[in-house]
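Residue numbers (this note's numbering): 950 to 1135.
Beta carbons are placed, not taken as given, at the ideal position from N, Cα and C, and that holds for glycine.
Predicted, not measured: the structure shown is a model, and the values here were computed from it.
Spelled out as structure tokens, the structure:
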């Protein structure tokens, strides 16, 4: 999973959610840097959220790796922040019922991964998505809060039997953090 490159709203610390904000020049450079980090590995496909910031990131990576740009996975879209998109109102997001609940975001994350696994069996797939859906899906997989994915970062998961296993977050091997155990990741 690759988090899309930076947008102007990212740079300003604003919630984007399902708003379709484009990459800025920094974000395009981050996508190109991600492609460099991914080069030399046997990737089979690049898919993405349908939002333009993810789609453009995926296109930059696919072109750099010589892969065709695959389809969009609607379930990879970012959390719906409702009336708080375009704001930095963190406290209100935690309590307002108009904001998509985190368990629903996580459920979409798993649905997206299962869809990719079933539609591209055995393939090594790059899925370009968004920070919240990546962070909380991975957090649910490991049972504790993982670091927030930075723009252009890489998180690696693999299917291990009937479960998903997290290998990398922000391009760094994941090690358990005993200070934040439990299912209190929300």
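Locate the beta strand (DSSP E) running through residue 1019, then write down its first and last residues. Counting along the chain, the beta strand (DSSP E) containing residue 1019 begins and ends at 1018-1021.
N-terminal and C-terminal residue of the beta strand (DSSP E) that residue 1107 is part of: 1105-1109
Leaving aside the five residues before and after residue 1119 along the sequence, list all residues of the same chain whose C-beta is less than 8 Å from its C-beta, in chain order. 1096, 1098, 1099, 1102, 1103 and 1104
Helix, strand or coil for residue 1097 per DSSP? coil
DSSP three-state assignment for residue 981, whether helix, strand or coil: helix
Within the same chain, show all residues whose beta-carbon is closer than 7 Å to that of residue 977, passing over the 5 residues directly before and after it, in chain order. 954 and 1009
Out of 1020, 1116, 1016 and 963, which one is the CA nearest neighbour of residue 998? 1020
Any C-beta of chain B sitting closer than 9 Å to the C-beta of residue 1068? Here chain B cannot be found, since the structure has a single protein chain.
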